[in-house]
Amino acid sequence: MVASAGVSKLGRPAKPSTNGRFWTGSAVKPFTATLVLQLVADGKVKLDAPVAGYLPDLGLDRRITVRMLLQHTSGLFNYTGEYYDDGTFAPGIPAAGDAWLKNRFRSYKPEELVRLALSKPTRFEPGTGQNYSNTNYTLALLLIEKVTGRPYAEQLQQRILRPLGLSATRQAGDRTKLAGPYAHAYYSYQGKTIDISRQNLSMLAGAGDLASTTRDLTTFFTALNGGKLLPPALLDEMRKPHGKLKYGLGVFAQDLGPGCGTVYQHNGSPPHGYGALMYSSPDGKTTLTGSVTWVDSATRGPVKDFQKLLDGLVQKVFCGTPAR
Numbered sequence: 001m002v003a004s005a006g007v008s009k010l011g012r013p014a015k016p017s018t019n020g021r022f023w024t025g026s027a028v029k030p031f032t033a034t035l036v037l038q039l040v041a042d043g044k045v046k047l048d049a050p051v052a053g054y055l056p057d058l059g060l061d062r063r064i065t066v067r068m069l070l071q072h073t074s075g076l077f078n079y080t081g082e083y084y085d086d087g088t089f090a091p092g093i094p095a096a097g098d099a100w101l102k103n104r105f106r107s108y109k110p111e112e113l114v115r116l117a118l119s120k121p122t123r124f125e126p127g128t129g130q131n132y133s134n135t136n137y138t139l140a141l142l143l144i145e146k147v148t149g150r151p152y153a154e155q156l157q158q159r160i161l162r163p164l165g166l167s168a169t170r171q172a173g174d175r176t177k178l179a180g181p182y183a184h185a186y187y188s189y190q191g192k193t194i195d196i197s198r199q200n201l202s203m204l205a206g207a208g209d210l211a212s213t214t215r216d217l218t219t220f221f222t223a224l225n226g227g228k229l230l231p232p233a234l235l236d237e238m239r240k241p242h243g244k245l246k247y248g249l250g251v252f253a254q255d256l257g258p259g260c261g262t263v264y265q266h267n268g269s270p271p272h273g274y275g276a277l278m279y280s281s282p283d284g285k286t287t288l289t290g291s292v293t294w295v296d297s298a299t300r301g302p303v304k305d306f307q308k309l310l311d312g313l314v315q316k317v318f319c320g321t322p323a324r
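In structure tokens, the structure reads:
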């Protein structure tokens, strides 16, 4: 079943294309994790080996392992900014709000992002906690490139996109324009509504820099959970929930309650304007993907009651419960 609602551009009547492209944000993390785990399957990477052994020039703590990157247990500062339990915020690169708006076309190199993170205090000792950090997945990108000797985008194409026929998906890189049909996204600034459909996602290298379609995300997540991209033992490792986030090696395990069970998911959003949904049953036979846009503000908030509406949709799709 495929459907769309709303309009693709403010002031125009046309609905969004059901196969239009969009910026996926962190829905790229399962792609990055899959690439790393494929290298583990090939014997080129060891999950519990120090990342410093593969990337010796960064001065990483040798206690940080490849598993810790994928599991968000490295303790490394999140280069897009760190929110602490006491309510304080330590800024990183301009990644939200009005500061991001003014810098949304700036290009970043992965090493630049990582070195900024390494210049900041760690969140905790490696392996002693769990905290979602984009730094982990940018390091995973650098690991992939170092081990293979080839660019991340090339490995993504060779190992995942081409075999699955995902012709509408690509790493964003420095591209700022979505190709083909797409829904526009907006940002509210000083009383004006600004079109932010163009933005540079090199600021989220390996962690949020993907352009795709709902069809391609469905194909990918169905294949991943159906066992077509990883050996069974590594797929089990990937989906094993860990810590307070219930995060495995690139995916969240979400318990939908008695009589329904677990779904695996990784939603995403670039800094502003777009959102991606990606859910699958354990066998990959039922998959839910979606793209949403909104007029965003400095609060990064989607429409009112969005989470409640999304939870109801997930329950309906995977549990047969009517959405409320």
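Numbering-wise (the UniProt record's numbering), the sequence shown opens with residue 1 and increments by one.
For glycine and all other residues, C-beta sits at the position ideal for the given N, C-alpha and C.
Since we're looking at a predicted model, the values are computed, not measured.
{"Asked": "Within the same chain, show all residues whose beta-carbon is closer than 7 Å to that of residue 61, passing over the 5 residues directly before and after it, in chain order.", "Found": "126"}
{"Asked": "Checking 8 Å against the spacing of the C-beta atoms, do residue 203 and residue 264 come in under that value?", "Found": "no"}
{"Asked": "Contact defined as beta carbons within less than 8 Å: I believe residue 100 pairs with residue 94. What is the distance between those atoms, to the nearest angstrom?", "Found": "5 Å"}
{"Asked": "Based on the DSSP output, what are the partners of residue 278 in its beta bridges?", "Found": "289"}
{"Asked": "Would you kindly work out how many angstroms separate the C-alpha atoms of residue 4 and residue 19, rounded to a whole number?", "Found": "10 Å"}
{"Asked": "To which residues of the same chain is residue 37 closer than 7 Å at the C-beta, ignoring the five residues directly before and after it?", "Found": "230, 234, 238 and 249"}
{"Asked": "Where does residue 195 fall in DSSP's three states?", "Found": "strand"}
{"Asked": "If we ignore side chains and look at the alpha-carbon of each, how far apart do residue 259 and residue 320 end up?", "Found": "10 Å"}
{"Asked": "Drop a sphere of 10 angstroms on the beta-carbon of residue 179, count the other beta-carbons inside from all chains shown, and report buried for 16 or more, exposed for fewer.", "Found": "exposed"}
{"Asked": "In the DSSP assignment, find the unbroken beta strand (DSSP E) run with residue 263 in it and report its ends.", "Found": "262-265"}
{"Asked": "Please tell me whether residue 209 and residue 169 are closer than 8 Å, where the distance is taken between their beta carbons.", "Found": "no"}
{"Asked": "Just the C-alpha distance for residue 343 and residue 46, rounded to the nearest angstrom, thanks.", "Found": "This structure gives no information on residue 343, because the portion of the chain shown stretches from 1 to 324."}
{"Asked": "Taking 6 Å as the limit between beta carbons, can you name the residues of its chain near residue 292, skipping five residues before and five after?", "Found": "275"}
{"Asked": "How many angstroms separate the CA atom of residue 12 from the CA atom of residue 151?", "Found": "40 Å"}
{"Asked": "Report the residue from 281, 110, 304 and 25 whose alpha carbon sits nearest the alpha carbon of residue 267.", "Found": "25"}
{"Asked": "Could you tell me which whole alpha helix (DSSP H) segments of length 4 or greater appear in the region 181-263?", "Found": "214-225 and 232-239"}
{"Asked": "Taking the alpha helix (DSSP H) that residue 312 falls in, what are its first and last residues?", "Found": "306-319"}
{"Asked": "The alpha helix (DSSP H) that contains residue 135, what's its start and end?", "Found": "134-148"}
{"Asked": "Alpha carbon to alpha carbon, how far is residue 140 from residue 251?", "Found": "15 Å"}
{"Asked": "Kindly indicate which three-state DSSP category residue 85 falls into: helix, strand or coil?", "Found": "coil"}
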